[in-house]
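*Asks:*
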Amino acid sequence: MPEEAFVESCPVCLQNCNCKACLRLDGPIRALKNLQFEISNEEKVQYSKFILQKLLPFLRRFNSEQVMEMEIEAKIQGVLRSRRSRRSRRICAR
Numbered sequence: 003m004p005e006e007a008f009v010e011s012c013p014v015c016l017q018n019c020n021c022k023a024c025l026r027l028d029g030p031i032r033a034l035k036n037l038q039f040e041i042s043n044e045e046k047v048q049y050s051k052f053i054l055q056k057l058l059p060f061l062r063r064f065n066s067e068q069v070m071e072m073e074i075e076a077k078i079q080g081v082l083r084s085r086r087s088r089r090s091r092r093i094c095a096r
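This is the structure:
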């Protein structure tokens with residue numbers, strides 16, 4: 003089926019769709035597709051800082067859990083991992 007034929011028969015493209023998602027939309031789907039947001043560099047920085055503030059606690063907790071898991075795995079295997087060797091591996095891996 004060619005794309006043109008699909009668009010001509012698609013209820014969403016014809017703005018005649020009765021699914022819950024389409025019925026909840028305020029405007030036509032085509033208008034939503036063509037939206038272009040103008041975001042200044044200052045706003046991008048603010049949004050980035052906001053995202054970082056929200057993600058940082060999670061990432062810290064995730065990192066500590068990973069370190070704890072690696073230490074437990076090392077104990078199971080009978081290998082002791084020192085903090086110094088982990089740091090040197092991180093530096094060498096970059």
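Heads up, our numbering is the position in the sequence shown plus 2, with the first residue counted as 1. From the three backbone atoms N, C-alpha and C, an ideal C-beta is built for every residue, glycine too.
Let me know the secondary structure DSSP gives residue 86 once reduced to three states.
*Replies:* Interpretation of residue 86 is limited by its pLDDT of 49, a score under 50 that renders its predicted location unreliable; no figure is taken from the coordinates.
*Asks:* Alpha carbon to alpha carbon, how far is residue 61 from residue 53?
*Replies:* Each residue's Cα considered, the two are about 12 Å apart.
*Asks:* First and last residue of the alpha helix (DSSP H) that includes residue 2?
*Replies:* Only positions 3 to 96 of the chain appear in the structure, and residue 2 is not among them; the question remains open.
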